[in-house]
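Numbering (the numbering used here), first residue to last: 72 to 713.
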């Protein structure tokens with residue numbers, strides 16, 4: 072694999088003048104404004120017989136501005152300035168006109184288009200030339216690379232209690248302060264790359280270089296990222312390079328009139344479950360397109376890294392469909408692995424690490440491909456983190472299938488710690504996947520219909536709400552502290568957002584009722600959501616103080632099946648969880664270790680899920696001091712009584 076990667080890199084150096092020049096193509100392809108006011112256009116359309124530019128600027132004459140054919144399927148057009156001004160004014164609508172091999176004229180949006188919009192009375196998007204007189208100027212530097220990532224997974228469009236598509240401005244001034252207050256230091260943005268179908272959650276991308284216009288302008292997004300940086304918040308983009316929308320009128324599909332171009336032709340170029348097109352990662356121009364795309368998001372918008380979606384689909388020719396992964400190495404090495412896609416991922420991470428070493432990359436891979444998060448120089452994939460996707464599945468499984476008294480402590484610990492110690496994992500109890508229609512959030516699984524009637528503090532706690540609130544806090548804390556080297560939460564789930572997530576579509580009469588986040592629930596002192604919100608905030612603040620995510624893996628000293636107790640140490644802290652549905656314990660001995668044999672270590676409670684401010688029963692005295700003694704317990708040299 073490293074040999075394949077090295078050969079690609081060597082070819083880029085020899086034929087393209089180096090990685091820097093090769094990946095800077097976003098500044099020359101598409102329609103670009105020159106310093107003298109002229110316009111330079113460039114496209115890759117290997118299947119085209121002729122290429123033209125049409126739009127408002129020439130009265131939509133499809134033939135007045137032909138491109139000149141270059142080698143390797145490229146086309147270019149130069150338009151001199153007119154009286155010192157651009158021949159294509161800012162805000163003009165444009166189309167690339169392709170004469171296909173069968174003679175048909177195809178009106179297409181440039182794959183490199185920076186801004187596309189859709190009028191309310193239209194189905195398809197229009198390409199709009201974005202060249203404002205004064206672009207947004209970033210004022211704040213990007214935050215330094217974080218040791219402990221606490222990620223707030225977000226969707227701009229649903230980030231409001233109102234039933235509408237929310238804006239970049241709303242996120243900037245109403246949501247970012249909330250994220251900061253909750254103690255998250257990183258926001259991961261979904262559905263930013265333009266997608267014609269809103270209900271696709273942003274995963275059916277139509278314009279890869281365009282920030283979604285349904286939330287505002289490109290400058291609005293730049294301002295949002297700049298304000299996040301002023302708060303010390305790192306901003307990651309959920310990038311979709313695993314597939315593309317099948318749209319041809321306003322997407323990449325059949326751009327030059329052929330079935331291939333950016334994609335594999337025939338069966339290999341179609342994803343049978345996602346109904347989308349699959350990139351040809353062996354194609355030189357596809358590599359240019361995708362690598363330049365990453366660089367554009369970093370350099371123009373100042374994103375601090377990426378979460379790569381659908382990596383499992385990229386890694387294997389079977390795309391993970393109907394395939395289970397047990398961890399056997401035969402599952403990861405063989406002819407079923409798409410080495411071209413893997414090589415692209417290695418190139419992408421190498422480019423990012425070389426040109427922007429402060430950036431972070433995350434792989435969404437369910438298969439567990441070995442070395443995916445090891446350096447490219449070692450033959451690894453080059454990612455910094457991978458998502459621990461087994462953890463949320465485990466929580467949903469045990470909540471749905473088991474009674475509280477049947478929970479298996481050893482199985483929970485195994486799921487939370489089953490990772491390669493030399494690769495960093497992002498732990499999460501639930502993400503957007505669990506919130507989507509057809510599934511339920513953890514809070515809804517735990518409390519279900521009672522969330523509609525019994526979340527008021529004016530009503531006595533029912534057993535369902537009481538147990539649900541307590542487990543919600545415990546599940547998140549043990550996942551945070553034991554499950555990985557980073558932590559992720561999907562917006563709203565921190566306070567147990569009720570119901571599910573569903574975008575407006577024909578099946579729900581185009582309703583926005585479930586396409587929103589009811590942040591207002593945490594601001595109502597008469598509702599119990601405020602307790603979960605406060606616990607999540609203080610949990611993050613405690614990690615910020617002690618840095619357990621950046622510490623070595625925890626030492627688990629106890630997983631007691633009959634007592635339903637889990638105890639472990641990490642970052643100098645002792646974490647103790649009692650999952651028993653009705654049994655509490657007095658003078659419970661917990662093993663621990665400390666380096667000094669002469670000083671009696673004293674412990675105090677730092678975070679207590681049973682505290683009153685978190686909706687608990689206040690059964691513990693926080694003024695109590697617990698002294699470690701030289702009394703071995705559970706293979707630890709010392710222990711405390713709690």
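All C-beta atoms, glycine included, are put in the ideal place defined by N, C-alpha and C.
Annotation: residue 113 to residue 100 spans about 5 Å, alpha carbon to alpha carbon. According to the DSSP assignment, residue 252 belongs to the alpha helix (DSSP H) that extends over 247 to 252. Contact between the region 379 to 391 and the region 420 to 435 is present: three or more C-beta pairs spanning the two stretches fall below 8 Å. The region 165 to 184 makes no contact with the region 218 to 235, as fewer than three CB pairs between them are under 8 Å. With a threshold of 16 other beta carbon atoms within 10 Å, residue 582 falls short and is exposed.
Per DSSP, residue 495 is one residue of the beta strand (DSSP E) stretching across 495 to 498. Leaving aside the five residues that flank residue 387 on each side, the residues in its chain whose CB is nearer than 8 Å to its CB run, in chain order, 394, 407, 408, 409 and 438. Using a Cβ-Cβ distance cut-off of 8 Å, the region 456 to 468 and the region 413 to 422 are not in contact, since fewer than three pairs of beta carbons, one from each stretch, lie closer than that value.
Closest in C-alpha terms to residue 264, from the list 696, 446, 277 and 660, comes 277.
Two segments are said to touch when three or more pairs of C-beta atoms, one from each, lie closer than 8 Å; by this definition the region 605 to 623 touches the region 675 to 695. Scanning its chain for C-beta atoms nearer than 8 Å, with the 5 sequence neighbours on each side dropped, one finds around residue 710 the residues 660, 661, 662, 663, 699, 700, 702, 703 and 704, in chain order. With 16 or more other CB atoms across the displayed protein chains lying within 10 angstroms of its CB, residue 560 is buried.
Per DSSP, residue 166 lies in no alpha helix (DSSP H); the unbroken beta strand (DSSP E) holding it starts and ends at 164 to 170.
With a 10 Å radius around the Cβ and a threshold of 16 neighbouring Cβ atoms, residue 520 comes out exposed. A distance below 6 Å between beta-carbons, with the five flanking residues on each side excluded, links residue 165 to the following residues of its chain, in chain order: 126, 198 and 200.
In the structure shown, residue 484 adopts helical secondary structure according to DSSP, grouped into three states.
In this structure, the alpha-carbon of residue 677 lies about 18 Å from that of residue 622.
Ranked by how close their Cα comes to the Cα of residue 238, the residues 175, 260 and 515 have 260 in first place. With a cutoff of 9 Å on beta-carbon distance, residue 487 and residue 467 are scored as not near each other.
For residue 390, the number of other beta carbons within 10 angstroms of its own is at least 16, and it is reported as buried.
Fully enclosed beta strand (DSSP E) runs of no fewer than 3 residues occupy 431 to 434 and 456 to 458 of the region 405 to 473, in order along the chain.
A direct Cα-to-Cα measurement between residue 230 and residue 417 gives close to 34 Å.
A distance below 6 Å between beta-carbons, with the five flanking residues on each side excluded, links residue 374 to the following residues of its chain, in chain order: 306, 308 and 368. Nearest C-alpha to residue 193 among 226, 222, 162 and 268: 268. In the three-state reduction of the DSSP assignment, residue 205 falls in the coil class, being assigned neither a helical nor a strand state.
Rounded to whole angstroms, the Cβ separation of residue 176 and residue 137 is 13 Å, and the two are not in contact under 8 Å. DSSP places residue 104 outside any alpha helix (DSSP H); the residue lies instead in the beta strand (DSSP E), whose first and last residues are 101 to 104.
Taking each of 584, 592 and 642 in turn and checking the Cα distance to residue 556, the smallest one comes out for 642. The secondary-structure analysis by DSSP pairs residue 197 across a beta bridge with 188.
Taking all protein chains in view, the Cβ of residue 692 is surrounded by fewer than 16 other Cβ atoms within 10 Å, so the residue is classified as exposed. With 16 or more other Cβ atoms from the protein chains shown falling within 10 Å of its own Cβ, residue 289 counts as buried.
9 Å or more divides the Cβ of residue 573 from the Cβ of residue 558. Boundaries cannot be given for residue 593, as no beta strand (DSSP E) includes it and DSSP labels it neither H nor E. Residue 501 and residue 203 have their C-alpha atoms spaced approximately 41 Å apart.
The secondary-structure analysis by DSSP pairs residue 560 across a beta bridge with 223. Here residue 364 is actually not in contact with residue 143; their C-beta atoms are around 19 Å apart, not less than 8 Å.
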